[in-house]
Amino acid sequence: MKTLIVYYSRSNTTKKVAEYLKSKLGADIEEVTTPVNYGGAIGYAKGIKDSVQEKVIEIGNLKYDPGDYDRVIIGTPVWTSKLANPILTYIKKNNSLKNVSLFIVGKSNGFEKVEEHFTKVSGVKPQKTTYILEKEINDNTFENKADALL
Ligand SMILES: Cc1cc2nc3c(=O)[nH]c(=O)nc-3n(C[C@H](O)[C@H](O)[C@H](O)COP(=O)(O)O)c2cc1C
Numbered sequence: 012m013k014t015l016i017v018y019y020s021r022s023n024t025t026k027k028v029a030e031y032l033k034s035k036l037g038a039d040i041e042e043v044t045t046p047v048n049y050g051g052a053i054g055y056a057k058g059i060k061d062s063v064q065e066k067v068i069e070i071g072n073l074k075y076d077p078g079d080y081d082r083v084i085i086g087t088p089v090w091t092s093k094l095a096n097p098i099l100t101y102i103k104k105n106n107s108l109k110n111v112s113l114f115i116v117g118k119s120n121g122f123e124k125v126e127e128h129f130t131k132v133s134g135v136k137p138q139k140t141t142y143i144l145e146k147e148i149n150d151n152t153f154e155n156k157a158d159a160l161l
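Structure below.
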C-alpha cells in the first residue's frame, strides 16, 4: 500500500513520530511549512489566536499529491484543542482526502476535539487515530502508540 505521511511540527515533537513512521513504512513524507512565524513566545501567542479563529494561512509549496496515494497519515500538534493551522490549511486545500489516519500530539488535553475538528473540516472520519503525549515522545515511549497506525 502506497502511503504518504503529512505533518506539521513547530518544535520538532510531531516530527519525531513522522520520521519514525516513515522509517517503519518506507513512505513518502511531506512536512507542511509556513512563512508565518510561530516561533518563540510571540509566535506561540499568534498560534493561539490563529487556532481560536481557525484561520487559513499561507503554507509552503507541496511536493506530493495525496490523491496519488492509497492512504495518507496526517500528524498534527494540538493547538487550542484544534488542528494546528498549517494542517487545517493543508486539509482545506486537499478536499479529496479519502483513507486517512491521524496521529495527534499534545501536552495534555484536547485530543478528541482535534479528531472531531478533522472530521468536520475534511468530511471524512479517520480510519485510525492515535493520541500521543509530548512527554511520551520526549521519553521515547511513543512507539506502541505510533505502531497502532501501521
Ligand atoms: C498555539 C499552541 C496551542 C496549544 N494548545 C494545546 C492544547 O490545547 N492542548 C495541549 O495538550 N497542548 C497544546 N499545545 C502544546 C502542543 O500541542 C505540544 O507542545 C506539542 O508537543 C507540540 O508539537 P510540535 O513540537 O510538533 O509542534 C499547544 C501549543 C501551541 C503552540
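This note's numbering puts the first residue of the sequence shown at 12, with every later residue one more than the last. For each residue, glycine too, the CB sits at the ideal point set by N, CA and C. All values derive from a computational prediction rather than experimental measurement.
Below-8 Å beta-carbon distance, residue i vs any chain B residue
{"i": "K139", "result": "The chain inventory of the structure shown lacks chain B, comprising one protein chain alone."}
Outcome for residue i when other beta-carbon atoms lying within 10 angstroms are tallied against a minimum of 16
{"i": "V63", "result": "exposed"}
{"i": "I102", "result": "buried"}
{"i": "K26", "result": "buried"}
{"i": "L113", "result": "buried"}
{"i": "G117", "result": "buried"}
{"i": "N96", "result": "buried"}
{"i": "L161", "result": "exposed"}
{"i": "S133", "result": "buried"}
Given residue i as reference, the closest of the options once Cα atoms are compared
{"i": "S22", "options": "I16, A52 and T14", "result": "A52"}
{"i": "L108", "options": "V116, V89, G71 and Y80", "result": "Y80"}
{"i": "F122", "options": "N106, L144 and D61", "result": "L144"}
{"i": "V67", "options": "V83, L36 and K104", "result": "K104"}
{"i": "V111", "options": "Y55, V83, N149 and V89", "result": "V83"}
{"i": "A159", "options": "S20, K35 and L15", "result": "K35"}
{"i": "D76", "options": "I98, T140, D39 and S133", "result": "D39"}
{"i": "T140", "options": "I115, S133 and N151", "result": "I115"}
{"i": "K131", "options": "L94, I16, V89 and T24", "result": "L94"}
{"i": "G54", "options": "W90, T24 and K33", "result": "W90"}
{"i": "N149", "options": "G37, V28 and K33", "result": "V28"}
{"i": "S119", "options": "G37, L15 and Y142", "result": "Y142"}
Identity of the residues DSSP links to residue i by a beta bridge
{"i": "P88", "result": "V116"}
{"i": "I98", "result": "For I98, which the question treats as bridged, DSSP gives no partner whatsoever."}
{"i": "R82", "result": "T14"}
{"i": "T141", "result": "F114"}
{"i": "K93", "result": "W90"}
Own chain residues within Cβ distance below 8 Å of residue i, not counting five before or after
{"i": "K57", "result": "V47, N48 and Y49"}
{"i": "V135", "result": "L108, K109 and V111"}
{"i": "E147", "result": "F153 and K156"}
Under 8 Å between C-beta atoms of residue i and residue j
{"i": "Y18", "j": "G86", "result": "yes"}
{"i": "I124", "j": "S92", "result": "The sequence shown places Lys at residue 124, not Ile. Cβ atoms of K124 and S92: closer than 8 Å."}
Same chain only: Cβ atoms within 7 Å of residue i, ignoring 5 sequence neighbours per side
{"i": "L73", "result": "E41"}
{"i": "T100", "result": "V67, I68 and I70"}
{"i": "G78", "result": "S107"}
{"i": "I98", "result": "Y19, V43, I85 and T87"}
Same chain, Cβ closer than 6 Å to residue i, five either side skipped, listed in chain order
{"i": "I16", "result": "A29, L32, K33, A38, I40 and I84"}
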